[in-house]
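Residue numbers (our numbering): 187 to 295. We put the beta carbon where it would ideally sit given N, CA and C, even for glycine. Since the model is a prediction, treat every value here as computed from it, not as a measurement. The block underneath contains the structure these notes are about, expressed in structure tokens.
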Amino acid sequence: MSAPTDEFAEKFEDKYEHYFPQLQQAYRQAFETMNDSYDSELVHAIDQQLLAESEPFYEGDGEFRIELPENPSERLTAVVVDEEKLDAVLDQYVAELESELQSVFGFEG
187 MSAPTDEFAE
197 KFEDKYEHYF
207 PQLQQAYRQA
217 FETMNDSYDS
227 ELVHAIDQQL
237 LAESEPFYEG
247 DGEFRIELPE
257 NPSERLTAVV
267 VDEEKLDAVL
277 DQYVAELESE
287 LQSVFGFEG
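Quick look at the structure:
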């Protein structure tokens, strides 16, 4: 299976060219899951102001990493939330998004 994974990793370098619909699907599914479980205003603000500026990376072995913009708490202006709550919801959102990426690309257990 290493050959398809190597090919996937190579193609993921140009992810917006090769995998844009799948990326949209993963982001949408993560948003819907988070929106069902957390404050919808906060989830929407994170989606629009932080994750819209994020960058997904394929780390290999079916693992993904989401790189967020610097200083997320300073960038979030659409809602008022304490930093501890923001960090907790953002960490969960990123974990959910990484899980959705694994699912969409067929890497889940």
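For residue i, the nearest candidate out of the options (CA to CA)
| i | options | result |
| --- | --- | --- |
| residue 229 | 193, 276, 292 | 276 |
| residue 196 | 220, 244, 256 | 244 |
| residue 213 | 241, 198, 273, 258 | 241 |
Rounded separation between residue i and residue j - CA only
| i | j | result |
| --- | --- | --- |
| residue 201 | residue 267 | 33 Å |
| residue 248 | residue 206 | 18 Å |
| residue 254 | residue 239 | 7 Å |
Residues near residue i in its chain [Cβ-Cβ closer than 8 Å; skip 5 each side]
| i | result |
| --- | --- |
| residue 264 | 227, 230, 231, 234, 235 |
| residue 261 | 235, 236, 239, 255 |
Whole-number beta carbon distance between residue j and residue i, since they are thought to touch under 8 Å
| i | j | result |
| --- | --- | --- |
| residue 208 | residue 293 | Going by Cβ atoms, the distance from residue 208 to residue 293 rounds to 12 Å, so no, they are not a contact pair. |
Own chain partners of residue i with C-beta closer than 6 Å, once the 5 adjacent residues on each side are dropped
| i | result |
| --- | --- |
| residue 216 | 282, 283, 286 |
Close-in-space but distant-in-sequence residues of the same chain around residue i (CB under 7 Å, 5 per side omitted)
| i | result |
| --- | --- |
| residue 246 | 195 |
Handout entry: Residue ranges of each alpha helix (DSSP H) within the segment 254-282, 4 or longer
Key = 258-261
Handout entry: Every unbroken alpha helix (DSSP H) within the segment 207-231, with a cutoff of 4 residues, ordered by chain
Key = none
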